[in-house]
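There are 4 protein chains.
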Amino acid sequence: MAESTDTDALVLSDDPLHPANHICELCAKFYTLGWVTGTGGGTSIRHGDKIYIAPSGVQKELMRPTDMFVMDFASKSYVRKPQTHKPSACTPLFLAAFTRGAGCCIHTHSQWAVLVTLLVERDFGKDACFEIEEIEQIKGIPRGRGKTGNLGYFERLRIPIIENTAHEEDLTESLEAAMEKYPDTYAVLVRRHGIYVWGDNVHKAKTQCESIDYILQLAVQMKQLGLPWTK
Amino acid sequence: MAESTDTDALVLSDDPLHPANHICELCAKFYTLGWVTGTGGGTSIRHGDKIYIAPSGVQKELMRPTDMFVMDFASKSYVRKPQTHKPSACTPLFLAAFTRGAGCCIHTHSQWAVLVTLLVERDFGKDACFEIEEIEQIKGIPRGRGKTGNLGYFERLRIPIIENTAHEEDLTESLEAAMEKYPDTYAVLVRRHGIYVWGDNVHKAKTQCESIDYILQLAVQMKQLGLPWTK
Amino acid sequence: MAESTDTDALVLSDDPLHPANHICELCAKFYTLGWVTGTGGGTSIRHGDKIYIAPSGVQKELMRPTDMFVMDFASKSYVRKPQTHKPSACTPLFLAAFTRGAGCCIHTHSQWAVLVTLLVERDFGKDACFEIEEIEQIKGIPRGRGKTGNLGYFERLRIPIIENTAHEEDLTESLEAAMEKYPDTYAVLVRRHGIYVWGDNVHKAKTQCESIDYILQLAVQMKQLGLPWTK
Amino acid sequence: MAESTDTDALVLSDDPLHPANHICELCAKFYTLGWVTGTGGGTSIRHGDKIYIAPSGVQKELMRPTDMFVMDFASKSYVRKPQTHKPSACTPLFLAAFTRGAGCCIHTHSQWAVLVTLLVERDFGKDACFEIEEIEQIKGIPRGRGKTGNLGYFERLRIPIIENTAHEEDLTESLEAAMEKYPDTYAVLVRRHGIYVWGDNVHKAKTQCESIDYILQLAVQMKQLGLPWTK
C-alpha cells in the first residue's frame, strides 16, 4: 500500500509531456494504427535517471498514468510497481535500447512488420535482413548513433531480423547481438512477432517508428504488385 | 409502460463500466473496427445473475444504455425488454457461452472472419477448422477453460468453423457441438457470417476478440502473398 | 437576401435528428468511410412534404445546416436555395427514389462500388448485374418495396448497374429504368462512379448502405483471393 | 527573441480559417489519411502577400500556429522564422506553384502515389505520365489554369511524374519543367516519394488532393485486380 501513496508523485503531473502521461497518449494513438491490438506491444520512456514502462496485459488504449511502472535506470530496480499489474516482458529489451543511448523505445505488433519478416525469410533466407532503397521516407531514419544526420534517399535501409522465442524476455540476447552486428540500426524486426524501434527521444522514436512502419507497409504492397525492394 | 419506470434502474448508472454503459462504449469502438456494420454483430455481458444484451436491428455505434435488454440468467426470462426493440437473435448463442462460464461474449461480422472461413473451406475442406501457428499474437488467447495461462508461441491455434443457417438462433446446436468438440476454444467461426468470441470477463473477451481478429486479418494477407499458415 | 432570413427556420433546429442537422452528421461519418471524398457523393432526406439536400461542390465533412437546399416535394421547387452554393446534380436521382417511397437516399463514390462495376463488366459482361449469395450481411437488405422482411441468407442479392454519363443528371433515365426492371432493389450501382442506396427512412438508408458497402468490399477481396461470388 | 514578440501577430488569430490555424487543422486531418506520416509531407497557404509554411521535421498532426514560417511573397524573405524549427525543404516547390497562381499547395507521401509511380515506370516506362480515364472522381479536377470548369468524365487525367533527387529542393527545376510541359496540371507526382497538389485556394487544393489520392488508390487496386487504367 505504501506504493500507492509514496510513489504516485512519480506519475502524477499536469504536463502532457510527462512520461506517465505521454506513454498513455502515445499508446492510444498506436492503438488506432493497429500497433498494440489486444494488449500487445508497449512503450517505454527514459526520463533522467528513471525508466517509465507501460505494464503487461492491459488494454493499451485505456491506460492511465497510475498504471505505469517506474524503474531506476542505474540499479534496474523498480521504484514504482503497481500491485494490480505485471511488469512488461519487454523490459529487458527496452533496457538494451536505453543502455545504447535511447530515450524512448516502442514495440509494435504491426502486421506489416510480421509480413515483411515472412517475406524476407521466403525470398532471401533466414539470415537475411530487410533491405530497401530509393524510397523518400527512408530519409526519416537517422544514419546511426554518433553519426550526423539521416539516411539519404540513395542509401539502403537495412533492418535486422531476429527469430522469435517462446518468452519475450528470451529475445534479449539476440536483440543485443543484432544491435552489435548492426550498430547503426534504430530498429530490430522479430520474426512472426513485430518490431522494436527506438530513438534519442520520444519525438524521434515515434516518428522513426512511423517512417519504418510506412516503409514496411509499402514493401508488402510492392510484393503484392510484383515490384522489387532493391535495384 | 411499467417496464420503462420499474426497470430503468437496471441500466442507468454513472459507472462507465456498468454493463449497460460498457456495451455502448464497446460497440461504438467495434463500429470503427468494421465489426458491427449495418446493425450486424452484437455484444452481451454477464453481470452477477443478470445478462445484458444489445438489441437487434439498431445502429450499434449509436446505442444508449436504455436500449439494453436484461435477462435473468437462472430463469432465462427477460427482466427488462425495451418495447421499441427486438431481442437479439444471438441471445441463445450468447447463453451457450455464459453457460460455459463466460462473462462476456462478442459477435462480429468481421470480413477477415468471413474470408478465412471461405479460404479454409476451399483449401482444407468443409470439416476443417482454422489452424495457424508461430504468430506472437496467438499468446493473447488462453489455453482453455480450467487450464492455466495462455497459448504459447509454438502452440497451434485452432478455431472451429460451423456452417451458417438461415436463422441465427438455429446456429445454437452446432455452436454448442463445436464447444463440446473443442472444449478449449474461446471462439467459433461461422461460415460466410462472422465469429463468436467470449472470455471470462469483458477485458478478456474484448482483447481475445482483438487478438483473433488480428490473426484472421494476417491470415488473409498471408494467403494473398502465398505464405502458409502452418509449417 | 430574403432567403437567408425567411428560410433559415427550415434548417435551424436543436434536434440532432432534424434533417438539416442529420445530413451534416451523416456526411461527416461518411467522409471517414471514404464515401464522399473531395466533395463527391451526397445525401438527401425527405421530411414530410420537404426534401433536404446537401449542396454540390462542398466538403461534405464540413457542412453546416445552413448549407442545405430545401425543396417542396409536390411542386419540385426550391423553398430554400443558399446563394453561395449550387444545387446537387444528384437531385433528380434522389427524387426518383423519393417518388418510389424512399425517405432517405445516399450517394457514395465508394471505391468498392467502382471496382465491383469493373469486375462485373469484365467477368460477366456489360448487361450483368452484381450478384452474390450466402453472405450473412445480405440479411441487412429488405426483400423489396411492399414485401415483408429482409432477404434471407440463402437468397441472392442482385444490384443493377447502369452506365455512367458525362453529366450526373443524365443518369436519371437509366436509373429509373433500372428501378423499373428491378422493382425490389434498394440500390443501383453506377459504372466507374459509385452507388445510390435508399431506404424507407434515414436509419434504413444508412444501415442498408453500410451493409451493401460491406458486401461490395468483401466481393472485391473475394476476387483477389480467387473466391467465387455465387455457387 | 524579437521574432517571438514582433511576429506572433502574424500567426495568432481566433479565425479557424486564418492560414496559421488552417494549416494545423489540415495537417491533423492529413495525418489520419496517412499522407504526412513521420514528419513527412507539408502544406503551404498563400494569404495576400504572405506565404504560410509548415516547418520541416515536426510531427504534422501536433503543429501549433506558432510553429509556422511566414514569407513575404514578393521578396521571398522570411518575415517570421521560428528559431526552434528548420524551414521546409519544400519551400521552393511551393513557391513554384504560388508563382503560377496557386493559393494553396499540399505535399503528401501517400503510398498510393508512390506505388503508382513505380507501376507507371514498370508498365509504361520512365518517361510516361500517369493516365486514367472514365472514373467519375476525375470530375473533381479542374481542366487547367485559365480554362473553364473541371475535367469531364470522358476526358483523360494526366499527371506528370518527375524523378526523385537526394535533396527535396533539387526537385524544383524538374517540377517547374513538368509544370511548363503540362500547363494544365494541378499535380506532379515524384517517383518513389509522393505528390505535390495545388489549387486556386485551400478548398480547391484540399479537395483536388483528395480526388487525386482517391484515383491513385483506385488505380493501385485496379492493377491488383488486372483492370486497365485506360481503354
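Protein chains in written order, with this note's numbering: chain A, 1 to 231; chain B, 232 to 462; chain C, 463 to 693; chain D, 694 to 924.
Glycine is no exception: its CB is placed at the ideal position from the N, C-alpha and C atoms.
Predicted model, so just to flag it, every value in this text is computed and none were measured.
Query - Per-residue contacts from Ile195 of chain A into chain D (C-beta, under 9 Å) - result: The residue given as residue 195 of chain A occupies position 195 in the first sequence. In chain order: nothing, as chain D lies at least about 14 Å away.
**Report entry** Whole-angstrom distance between Glu856 of chain D and Cys440 of chain B, CA atom to CA atom
**Finding:** As a working mapping, residue 440 of chain B is identified with position 209 in the second sequence. As a working mapping, residue 856 of chain D is identified with position 163 in the fourth sequence. Taking C-alpha positions only, Cys440 of chain B is separated from Glu856 of chain D by approximately 45 Å.
Query raised in the report: Just how far apart, CA to CA, sit Pro92 of chain A and Thr172 of chain A?
Result: Along the first sequence, one-based indexing puts residue 92 of chain A at 92. Along the first sequence, one-based indexing puts residue 172 of chain A at 172. Using only the alpha carbons, I get a separation of about 6 Å.
Query raised in the report: Between the region 11-40 of chain A and chain B, which residues of the former have a C-beta closer than 7 Å to a C-beta of the latter?
Result: Within the region 11-40 of chain A, the qualifying residues are Thr37, Gly38, Thr39, Gly40.
Report task. Taking C-beta pairs closer than 7 Å, name the residues in chain B that Gly602 of chain C reaches, listed in chain order. Result -> As a first step, residue 602 of chain C is located in the third sequence; it is residue number 140 there, counting from the start. Within 7 Å Cβ-Cβ: Gly269, Thr270, Gly271.
Query - Between the CA atoms of Trp660 of chain C and Ala681 of chain C - distance to the nearest angstrom - result: Counted from its first residue, the third sequence places residue 681 of chain C at position 219. Counted from its first residue, the third sequence places residue 660 of chain C at position 198. Distance from the CA of Ala681 of chain C to the CA of Trp660 of chain C, rounded to the nearest whole angstrom, comes to 21 Å.
**Report entry** Within chain C, the residues that His340 of chain B reaches when beta carbons sit closer than 8 Å
**Finding:** Counted from its first residue, the second sequence places residue 340 of chain B at position 109. Ordered by position in chain C, the residues that pass the 8 Å Cβ test against His340 of chain B are Glu598, Gln599, Tyr676.
Query raised in the report: Counting only beta-carbon atoms, is Asn395 of chain B nearer than 9 Å to chain C?
Result: By one-based count along the second sequence, residue 395 of chain B stands at place 164. For Asn395 of chain B, the nearest CB of chain C lies under 9 Å from its own CB, placing it at the interface with that chain.
Query - Whole-angstrom distance between Glu593 of chain C and Pro709 of chain D, CA atom to CA atom - result: As a first step, residue 709 of chain D is located in the fourth sequence; it is residue number 16 there, counting from the start. As a first step, residue 593 of chain C is located in the third sequence; it is residue number 131 there, counting from the start. Answer to the nearest angstrom: the Cα atoms are 47 Å apart.
Query raised in the report: Counting pairs of Cβ atoms below 8 Å between the region 78-96 of chain A and the region 165-183 of chain A, do you hit three or more?
Result: They touch, by the three-pair rule.
Report task. Check Pro160 of chain A in the structure and name its three-state DSSP category. Result -> Counting from 1 along the first sequence, the entry for residue 160 of chain A is found at position 160. Three-state result, Pro160 of chain A: coil.
Query raised in the report: Who are the Cβ neighbours of Glu136 of chain A in its own chain at under 8 Å, not counting the five residues just before and after it?
Result: Here residue 136 of chain A refers to the residue found at position 136 of the first sequence. Listed in chain order, the non-local C-beta contacts of Glu136 of chain A below 8 Å within the same chain comprise Tyr153, local neighbours out to five positions each way being set aside.
Query raised in the report: Can the beta-carbon of Gln686 of chain C be found less than 9 Å from the beta-carbon of Gln804 of chain D?
Result: Counting from one through the third sequence, the residue named residue 686 of chain C turns up at place 224. Counting from one through the fourth sequence, the residue named residue 804 of chain D turns up at place 111. No, these two residues do not count as a Cβ contact at 9 Å.
**Report entry** Ala74 of chain A versus A:Ile215, A:Arg158, A:Met222, A:Ile51, residue with shortest Cα-Cα distance
**Finding:** Walking along the first sequence from the start, residue 74 of chain A turns up at place 74. Closest in alpha carbon position to Ala74 of chain A, among A:Ile215, A:Arg158, A:Met222, A:Ile51, is A:Ile51.
Query raised in the report: Of the choices D:Val772, D:Ala795, D:Cys720, whose alpha-carbon is the least far from that of Val751 of chain D?
Result: Residue mapping note: residue 751 of chain D aligns to position 58 of the fourth sequence, counting from 1. Nearest option by C-alpha distance: D:Cys720.
Requested in this report: Could you please tell me which residues of the region 56-81 of chain A, in chain order, have their CB closer than 8 Å to any CB of chain B?
Outcome: Listed by position along the chain: Gln59.
Query raised in the report: Quick one: what's Lys522 of chain C bridged to in DSSP?
Result: Counted from its first residue, the third sequence places residue 522 of chain C at position 60. None, per the DSSP bridge assignment.
**Report entry** Coarse secondary structure for Trp112 of chain A, derived from DSSP in three states
**Finding:** Within the first sequence, the letter at position 112 stands for residue 112 of chain A. DSSP places Trp112 of chain A in helix when its eight states are reduced to three.
Report task. Count the other C-beta atoms from every protein chain shown that fall within 10 angstroms of the C-beta of Asn483 of chain C, then say buried if there are 16 or more, exposed otherwise. Result -> Counting from one through the third sequence, the residue named residue 483 of chain C turns up at place 21. Asn483 of chain C counts as buried, since no fewer than 16 other beta carbons sit within 10 angstroms of its beta carbon.
Query raised in the report: Considering only residues of the same chain and omitting the five flanking positions on each side of Ala359 of chain B, which have a CB-CB separation below 7 Å?
Result: Translated into the one-based positions of the second sequence, residue 359 of chain B becomes position 128. Cβ within range, chain order: Val351.
Requested in this report: Have a look at D:Pro758, D:Val729, D:Glu826 and flag the residue whose alpha-carbon is nearest the alpha-carbon of Asp707 of chain D.
Outcome: On the fourth sequence, position 14 is the one that residue 707 of chain D refers to. Nearest C-alpha to Asp707 of chain D among D:Pro758, D:Val729, D:Glu826: D:Pro758.
Query raised in the report: Quick one: is Lys685 of chain C near chain D, going by C-beta distance under 9 Å?
Result: What you label residue 685 of chain C is simply residue 223 of the third sequence in a count that begins at 1. True, the Cβ-Cβ gap to chain D drops below 9 Å.
Requested in this report: Give the residues of chain C in contact with Gly845 of chain D, contact being defined as C-beta atoms less than 8 Å apart.
Outcome: Residue 845 of chain D sits at position 152 when you count from the first residue of the fourth sequence. Proximity of chain C to Gly845 of chain D at the Cβ level (cut-off 8 Å) is accounted for by Ala628, in chain order.
Report task. Take every Cβ of the region 136-150 of chain A, pair it with every Cβ of the region 172-189 of chain A, and state whether three or more of those distances are shorter than 8 Å. Result -> Cβ pair count under 8 Å is three or more, so yes.
Report task. May I ask you to list, following chain order, the residues of the region 545-577 of chain C that have a beta carbon less than 7 Å from some beta carbon of chain D? Result -> Flagged, chain order: His571, Gln573, Val576, Leu577.
Query raised in the report: By Cβ distance below 7 Å, which residues in the same chain neighbour Lys643 of chain C in space, the five residues on each side in sequence not counted?
Result: Your numbering for residue 643 of chain C matches position 181 in the third sequence. Listed in chain order, the non-local C-beta contacts of Lys643 of chain C below 7 Å within the same chain comprise Pro622, local neighbours out to five positions each way being set aside.
Query raised in the report: How big is the Cα-Cα spacing for Leu458 of chain B and Val79 of chain A?
Result: On the second sequence, position 227 is the one that residue 458 of chain B refers to. On the first sequence, position 79 is the one that residue 79 of chain A refers to. The straight-line gap from Cα to Cα measures roughly 45 Å.
Query raised in the report: Quick one: is Leu811 of chain D near chain C, going by C-beta distance under 9 Å?
Result: Within the fourth sequence, numbered from 1, the residue matching residue 811 of chain D stands at position 118. Taking Cβ atoms only, chain C never reaches closer than 9 Å to Leu811 of chain D, which makes this a no.
Query raised in the report: Is any beta-carbon of chain A found at less than 9 Å from that of Val883 of chain D?
Result: For the purposes of this step, residue 883 of chain D is taken as the residue at position 190 of the fourth sequence. The Cβ of Val883 of chain D sits closer than 9 Å to at least one Cβ of chain A.
**Report entry** Under 7 Å by beta carbon: chain A residues contacting Thr438 of chain B
**Finding:** To locate residue 438 of chain B, count along the second sequence from 1; it is residue 207. In chain order: Gly38, Thr39, Gln59.
**Report entry** Secondary structure of Gly661 of chain C, DSSP reduced to three states
**Finding:** Taking the third sequence and counting its residues from 1, the one referred to as residue 661 of chain C is at position 199. Residue state, collapsed to three classes: strand.
Report task. Please work out which residues of its chain come closer than 6 Å, Cβ to Cβ, to Ala102 of chain A, disregarding the five sequence neighbours upstream and downstream, and give them in chain order. Result -> The residue you call residue 102 of chain A lines up with position 102 of the first sequence. The beta carbon of Ala102 of chain A sits closer than 6 Å to those of Trp198, all from its chain and outside the five residues before and after it, given in chain order.
Query raised in the report: Any idea if Gln83 of chain A is buried or exposed, counting beta-carbon neighbours within 10 angstroms, 16 or more meaning buried?
Result: For this step, residue 83 of chain A is matched to residue 83 along the first sequence. Flag for Gln83 of chain A reads exposed.
Requested in this report: Give the range of the alpha helix (DSSP H) segment to which Thr725 of chain D is assigned.
Outcome: Your numbering for residue 725 of chain D matches position 32 in the fourth sequence. Here the alpha helix (DSSP H) through Thr725 of chain D covers 712-725.
Requested in this report: Could you have a look at Thr274 of chain B and say whether DSSP puts it in helix, strand or coil?
Outcome: Looking up residue 274 of chain B in the second sequence gives position 43. Three-state DSSP puts Thr274 of chain B in a strand.
Query raised in the report: Which class does Val682 of chain C belong to by DSSP, given the choice of helix, strand or coil?
Result: Start at 1 with the first residue of the third sequence, and residue 682 of chain C comes out as number 220. In the three-state reduction of the DSSP assignment, Val682 of chain C falls in the helix class, which pools H, G and I.
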